[in-house]
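Structure, as structure tokens:
Residue numbers (full-length UniProt numbering): 1 to 377.
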């Protein structure tokens, strides 16, 4: 059994305790699934009105899971919502918690005008943060439902990674990581950290397969409310929070997520995407073993590179990235451009450049293309 991306929940679900749930504290006090109401099914054509009095029309349901449903959606008009709808609406009973938590992040940090301003001032081609288009409450049959409208996406990178025999090319890994650094800098500057960067939380644009978006902000952590950074504090009840193979050493020690943790997680992702394996993946059921392995390799990054890349042509840029990240203090602001420059040097070393091309085996609308894949050495 594996973890998987649930389009109905807009987050990753888990079918085995090996992948530990992120932010256990957020789940404290829950009484289990039976205590939460499931969302009622809405018919295509139903009109909902957001807090700004803008009307949206629902299309067909494209998924149900957890406690919510997700529908295709578009601005209300006389036309029905087609299969090419640009947006989706997630609906949950208003007394459920996950969507409310996610809304807080989107309302604070993902308004279209905020994202567009950042793109302009930082001279980016795009920013891989989903846009928040609206939200509100909808009454039906005497019951209240909370909803959120956001962008529609295509395939997640985990599916593509597995279709590519669990390998991405060095260029693809570096291109992906440059875009993820853009995303992390943005959300960090808006007082949040993600804490669960991984391929299944990275989705391709519905229209452009060279654009990747980081999703699942249902448990994003506000590390610096009102400009005051949370203190470093180990909490045994929070030990090992996150997806166990990628989570940061801080998280293993029960410390709340921080900027350096996000960057550490990205480093582990890069290594796995390029090599196909992390050294501690052979014993994920033992979180202390995973933690101790990460601590040991943090002090011997050259050894980590030797273990994952036994061939002579090692990705020196990933080693330099990891060495730079490990020097960060808990509350220290990272030098994002320095990290990007390290990855750009890696592209230069293989005779490439940042051309924004991901070189993934996809076709239009983020669908997977069936073809024979050869492993990248």
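Built from N, CA and C at the ideal position, the CB exists for glycine as well.
Taking every protein chain shown into account, the CB of residue 261 has 16 or more other CB atoms within 10 angstroms, so this residue is buried. Inside the region 98-183, DSSP marks whole alpha helix (DSSP H) runs of 4 or more residues at positions 98-109, 112-121 and 157-163, from first to last along the chain.
For the pair residue 238 and residue 192, the Cα-to-Cα distance works out to about 18 Å.
The beta-bridge partner set that DSSP reports for residue 74 consists of 57. Put simply, the backbone Cα of residue 133 is about 16 Å away from that of residue 216. Taken through DSSP and simplified to helix, strand or coil, residue 49 comes out as strand. Three or more pairs of CB atoms, one per stretch, sit closer than 8 Å, so the region 341-352 contacts the region 317-333.
Its chain contains 347, 350, 352 and 359 as the residues whose beta carbon lies nearer than 7 Å to that of residue 171, once the 5 sequence neighbours on both sides are disregarded; these appear in chain order. The three-state reading of DSSP puts residue 239 in coil, since its state is none of H, G, I, E or B.
The residue among 154, 53, 165 and 257 with its C-alpha nearest the C-alpha of residue 235 is 257.
Nearest to residue 329 by C-alpha distance, out of 296, 249, 49 and 305, is 249. A distance of 7 Å or more separates the beta carbons of residue 184 and residue 343. Taking a 10 Å sphere around the C-beta of residue 282, we find fewer than 16 other C-beta atoms and assign the residue as exposed. DSSP places residue 205 in the strand class (E or B) of the three-state scheme. The region 281-315 contains, as complete alpha helix (DSSP H) runs of 4+ residues, the segments 287-298 and 301-308 (chain order). Only exposed fits residue 82, as fewer than 16 other CB atoms lie within 10 angstroms of its CB.
Bridge pairing for residue 88: 72 and 150 [DSSP]. Exclusion of the five residues before and after residue 279 leaves 293, 297, 304, 307 and 308 as the residues of its chain whose Cβ lies within less than 8 Å of its Cβ. In the structure shown, residue 64 adopts extended strand secondary structure according to DSSP, grouped into three states.
Within a 10 Å sphere around the beta-carbon of residue 116 sit fewer than 16 other beta-carbons, which makes this residue exposed. When rounded, the separation of the alpha-carbon atoms in residue 222 and residue 130 is 18 Å. Taking a cut-off of 8 Å for Cβ pairs, the region 46-59 and the region 100-119 do not touch, as fewer than three such pairs fall below it. In this structure, DSSP gives residue 257 a state outside helix and strand, which the three-state scheme calls coil. For residue 214, the enclosing beta strand (DSSP E) covers residues 212-214. Exclusion of the five residues before and after residue 323 leaves 301 as the residues of its chain whose Cβ lies within less than 8 Å of its Cβ. Considering only 242, 178, 310 and 211, the residue with the shortest C-alpha distance to residue 336 is 178. Distance between residue 233 and residue 269, taken at the CA atoms: about 26 Å. Remark: fewer than three beta-carbon pairs, one from each stretch, lie closer than 8 Å, so the region 158-167 and the region 72-86 are not flagged as touching. Separation of the CB atoms of residue 204 and residue 148 is rounded to 21 Å, and the pair is thereby denied contact status at 8 Å. Relative to residue 254, the option among 275, 271 and 231 whose CA is nearest is 231. Rounded to whole angstroms, the gap between the alpha carbons of residue 188 and residue 354 is 23 Å. Residue pairing from DSSP places residue 222 in a beta bridge opposite 192.
Only residues of its own chain outside the window of five on either side were considered, and among them 360 have a CB closer than 6 Å to the CB of residue 160, listed in chain order.
Boundaries of the alpha helix (DSSP H) harbouring residue 341: 336-349, taken from the DSSP string. Residue burial annotation: residue 120 is exposed, with fewer than 16 other C-beta atoms found within 10 angstroms of its C-beta.
The residue among 94, 345, 332 and 41 with its C-alpha nearest the C-alpha of residue 228 is 332.
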